[in-house]
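Visitor: Dumping the structure here so I can ask a few things about it.
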């Protein structure tokens, strides 16, 4: 649905199953959630996660040059916040995830989660039922964004 | 419902629709969500958002002097975490939002979100159905807080 | 359910009530949510919270020495992000909570929330209905993790 005002798109869903998932030690959080969505046919969803990572790669999107810069976190950290959604990209379930990581002094690094090697991770994922929620190339940001026509 | 122990108030709701919303480039995230709630008559809700902002203004509440101090973030940043709720204030839907922002090195600024100019933003909002959830002036904090009588 | 790939366990729930709760001034957020779960018999759930704390104690899990290190935050701070879940530990509802705190300059400290003295706190908790979700001792991490057999 195209909407006026300050929204580019709005899609309406009904709640379906709620999954509580523990990820495998040494797995990549991003790949794990993507695989979970693909194996269960979850085409739309929303999730949070908490836990700890052994290492991670974060992304910062350079809004002028339109490219991701990578920030490496090479040491063990708490997964202090992790929020993500699942939608379709090129017809396949795709996970978009942001995270805040904290070191042993509580200091943080945050951004778009490119990879997170799991020490322990607990995910709450809500499967959503409704229209197709698809990412399409957006000229302005040069990112793949929701386009709910 | 007034409750004992460590709760000031507790209101019970049923889940209603789940909205997946993309906000408009250059819109203010706070105003966009407030408008969304008002235009759809959402009187209670909870949401998360991820994306990137062009700039933002954060608030820190000075608990002794009872006033907000403003923290300006004048550069492009990732919206690493964004959590908010919708309830009624003076009879109108009102959005209370906190956020964690990250710069190109992954370093963060966080607090109460006063304004966030959208580069790209994906919101998952859950509409809730139930009793009126209203903010009223609280003498102790001098903030408008939920008062579920 | 034991699952292959990158998951250790997955449990499927249905959404039940959604609670919007205001915590008491000066209460401990961790104890308040634990008491809420116990008093209402919530054995599985997921929540977010925003607000402000008077002080807090955060934990960082030392993945090599298998012990928590404590980070004290002795000043007033915004509860910029707070994500948690409820499951059973030794047969009782147990709250696992991570948080991101922000000071007056917007600078952050984050980690596992051990204690948070409430200035004002608004919690959105989703009660889940389904199988028992129990924490059991995990040899690899030496933490109590979900074991959904």
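Chains as they are written, first to last, in my numbering: chain R, 1 to 149; chain P, 1001 to 1149; chain S, 2001 to 2149.
Every residue gets a Cβ at the ideal spot worked out from N, C-alpha and C, and that includes glycine.
Small disclaimer: the values here were computed from a predicted structure and weren't measured.
Going by the CB atoms, is the gap between residue 111/R and residue 56/R shorter than 7 Å?
Guide: Cβ atoms of residue 56/R and residue 111/R: not closer than 7 Å.
Visitor: Using CA atoms only, rank isn't needed, just tell me which of 2096/S, 2129/S, 2104/S and 2146/S is closest to residue 2033/S.
Guide: Cα-wise, what sits closest to residue 2033/S is 2096/S.
Visitor: Helix, strand or coil for residue 2142/S? Go by DSSP, reduced to three states.
Guide: Of the three classes helix, strand and coil, the one that applies to residue 2142/S here is coil, per DSSP.
Visitor: I want to know whether the region 114 to 128 of chain R touches the region 40 to 49 of chain R - three or more CB-CB distances under 8 Å.
Guide: Contact holds: three or more Cβ-Cβ distances are below 8 Å.
Visitor: Alpha carbon to alpha carbon, how far is residue 2122/S from residue 1002/P? Give it in angstroms, no decimals.
Guide: With a pLDDT of 47 at residue 1002/P, under the threshold of 50, the modelled position of this residue cannot be trusted, and the question is left open.
Visitor: What number of angstroms, rounded off, separates the C-alpha of residue 1104/P from the C-alpha of residue 1139/P?
Guide: If I take the Cα positions, the gap works out to 41 Å.
Visitor: How big is the Cα-Cα spacing for residue 1133/P and residue 1036/P?
Guide: One C-alpha to the other measures close to 18 Å.
Visitor: For residue 144/R and chain P, any beta-carbon pair shorter than 7 Å?
Guide: By this cut-off, residue 144/R is not an interface position.
Visitor: Please list the partners that residue 1128/P has in chain R, where partner means a Cβ-to-Cβ separation under 7 Å.
Guide: Chain R residues near residue 1128/P: none, gap ~11 Å exceeds 7 Å.
Visitor: Would residue 1126/P be called buried (16 or more neighbouring beta carbons within 10 Å of its own) or exposed?
Guide: Per the 10 Å Cβ criterion, buried.
Visitor: With burial defined as no fewer than 16 other Cβ atoms inside 10 Å of the residue's Cβ, what is the status of residue 1136/P: buried or exposed?
Guide: Exposed is the call here.
Visitor: What does residue 2019/S reach in chain P if we use C-beta pairs closer than 8 Å?
Guide: Result: 1010, 1011, 1012 and 1013.
Visitor: Confirm, please, whether the CB-CB distance from residue 73/R to residue 24/R is below 7 Å.
Guide: No, the Cβ-Cβ distance between residue 24/R and residue 73/R is not below 7 Å.
Visitor: Our contact map puts residue 54/R next to residue 80/R with C-beta atoms below 8 Å; I'd like the distance itself, whole angstroms only.
Guide: Going by Cβ atoms, the distance from residue 54/R to residue 80/R rounds to 15 Å, so no, they are not a contact pair.
Visitor: Using a beta-carbon distance cut-off of less than 9 Å, what residues from the region 87 to 118 of chain R approach chain B?
Guide: As a matter of chain content, chain B is missing from the structure shown, whose protein chains are R, P and S.
Visitor: Mind checking whether residue 1030/P and residue 2100/S have CB atoms under 7 Å apart?
Guide: Contact flag unset, no.
Visitor: When you compare only the Cα positions, how much space is there between residue 1128/P and residue 2065/S?
Guide: Near 44 Å, if we compare the C-alpha coordinates of residue 2065/S and residue 1128/P.
Visitor: Just to make sure I have the definition right: I need the residues of chain S whose C-beta is within less than 8 Å of the C-beta of residue 31/R. Which are they?
Guide: The contacting residues are 2006.
Visitor: Please classify residue 1105/P: does DSSP put it in a helix, a strand, or coil?
Guide: Note: residue 1105/P maps to coil in three-state DSSP.
Visitor: Starting from residue 1035/P and walking both ways along the alpha helix (DSSP H), at which residues does that stretch end?
Guide: Looking at the DSSP string, the run of the alpha helix (DSSP H) that includes residue 1035/P is 1029 to 1040.
Visitor: Count the other C-beta atoms from every protein chain shown that fall within 10 angstroms of the C-beta of residue 2009/S, then say buried if there are 16 or more, exposed otherwise.
Guide: With 16 or more other Cβ atoms within 10 Å, it is buried.
Visitor: Does DSSP put residue 2055/S in a helix, in a strand, or in coil?
Guide: It is a strand residue.
Visitor: How would you label residue 1039/P, buried or exposed, when you count the other beta carbons within 10 angstroms and need 16 or more for buried?
Guide: By the neighbour-count rule (16 or more Cβ atoms within 10 Å), residue 1039/P is not buried but exposed.
Visitor: Grouping DSSP H, G and I as helix and E and B as strand, with all else coil, what is residue 2062/S?
Guide: DSSP places residue 2062/S in strand when its eight states are reduced to three.
Visitor: Along chain R, in chain order, which residues have C-beta atoms closer than 9 Å to that of residue 1050/P?
Guide: Chain R residues near residue 1050/P: 83, 84, 85, 96, 97, 98 and 112.
Visitor: Enumerate, from N- to C-terminal direction, the unbroken alpha helix (DSSP H) stretches of 4 or more residues contained entirely within the region 2065 to 2124 of chain S.
Guide: Qualifying alpha helix (DSSP H) stretches: none in this window.
Visitor: Within 7 Å of any Cβ in chain S, is that where the Cβ of residue 1058/P sits?
Guide: With 7 Å as the cut-off, residue 1058/P counts as an interface residue toward chain S.
Visitor: May I ask you to report which of helix, strand or coil DSSP gives residue 2017/S?
Guide: Strand.
Visitor: Sorry if obvious, but does the Cβ on residue 2038/S come closer than 6 Å to a heavy atom of the ligand MG?
Guide: The model on display carries no ligand, and the ligand MG is accordingly not part of it.
Visitor: Kindly indicate which three-state DSSP category residue 45/R falls into: helix, strand or coil?
Guide: Here residue 45/R sits in strand by DSSP.
Visitor: Can you tell me which of the three DSSP states residue 1007/P falls into?
Guide: Looking at residue 1007/P - three-state DSSP - the assignment turns out to be strand.
Visitor: Count the other CB atoms, across all protein chains shown, that sit within 10 Å of the CB of residue 2085/S; report buried if there are 16 or more and exposed otherwise.
Guide: Buried: at least 16 other Cβ atoms inside 10 Å.
Visitor: Residues of chain P with CB under 8 Å from residue 2025/S, in chain order?
Guide: Neighbours of residue 2025/S on chain P, chain order: 1008, 1140 and 1141.
Visitor: Taking only beta-carbon atoms, is residue 2072/S less than 7 Å away from chain R?
Guide: Not an interface residue.
Visitor: Our contact map puts residue 22/R next to residue 2058/S with C-beta atoms below 8 Å; I'd like the distance itself, whole angstroms only.
Guide: Between residue 2058/S and residue 22/R the Cβ distance is about 22 Å, and since that is not below 8 Å, they are no contact.
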